[in-house]
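First comes the structure, then the notes that go with it.
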Amino acid sequence: MSSVEDEPKDVMVLSAIAKGYNTEEKIAKATGLSAFDVAMIVERLILHGLIVKKEKKGFLGKRKVELTMTEKGTRELQERRFELEQRWQRMVMLAEQGKKQEFEREALSMRSWIPIMLFMGIMDMMMWMTMLNMMNLAAQDYMPEQVPDAGAGSGGGDMGGDAGEGGGWDWGDFGDVNI
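Everything in the sequence shown is counted per UniProt numbering, starting at 1 for the first residue and increasing by one.
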């Protein structure tokens, strides 16, 4: 399935569905993608047989559309996860060995995959920033546009604007941390 292979956002939506975000609205909020992007990706994933839409009656008879992964979608996500884990381990190894040029090439080639690797829990932001720092590389050169500066935000789990507008990024729940 070459479509998903080259589409980080497609993999992010598949991962969100696997995590239980089963509506387009929930996926947009969880991933920080725009509602438009999510709708387009959902249609593409349906066309490729990776997910299906199921209509259900919701509260007070209101129609509700839920998304679920097919077996093909589950296999696809597992394959992408394995590949991304291998690439992450390669970057860690290169950083540990101090191979700056090889690390730079690998990091730049993976730039668009950073958000999905963070979302899937494959890589850790602190480790990533530490690796870049060890290599004396500027973080902004290796971060895709949709991931804001690690220092930006308001100190909570939401590191950006309204997720419905696609400008924000949810870094997860840091618990009851008061700064």
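Ideal Cβ placement from N, Cα and C applies to all residues, glycine included.
Residue 56 beta carbon less than 8 Å from that of residue 66: yes
Run of the beta strand (DSSP E) containing residue 67, from where it starts to where it stops: 63-69
Member of 131, 71, 53 whose CA lies at the smallest distance from the CA of residue 63: 53
Proximity below 8 Å, CB of residue 24 to CB of residue 42: yes
Buried versus exposed, by CB contacts within 10 Å (16 or more), residue 105: exposed
Nearest-angstrom Cα separation, counted from residue 100 out to residue 141: 14 Å
Residue(s) in a DSSP beta bridge with residue 201: Look at the range of the chain in this structure, 1 to 179, and you will see that residue 201 is not part of it.
For residue 59 and residue 131, the rounded distance between their alpha carbons: 49 Å
Simplified DSSP assignment, three categories, for residue 147: Here residue 147 scores only 47 on pLDDT, less than 50, and its place in the model is too uncertain to base an answer on.
Secondary structure of residue 19, DSSP reduced to three states: coil
Beta-carbon spacing of residue 8, residue 113 below 8 Å: yes
Test item: CB-CB of residue 46 and residue 38 under 8 Å: Contact flag unset, no.
Three-state secondary structure (DSSP) of residue 109: helix
Residue 19 versus residue 137: straight-line alpha-carbon distance, rounded: 33 Å
Inter-residue Cα distance where the pair is residue 84 and residue 78: Within the model, the alpha-carbon separation for residue 84 versus residue 78 is close to 10 Å.
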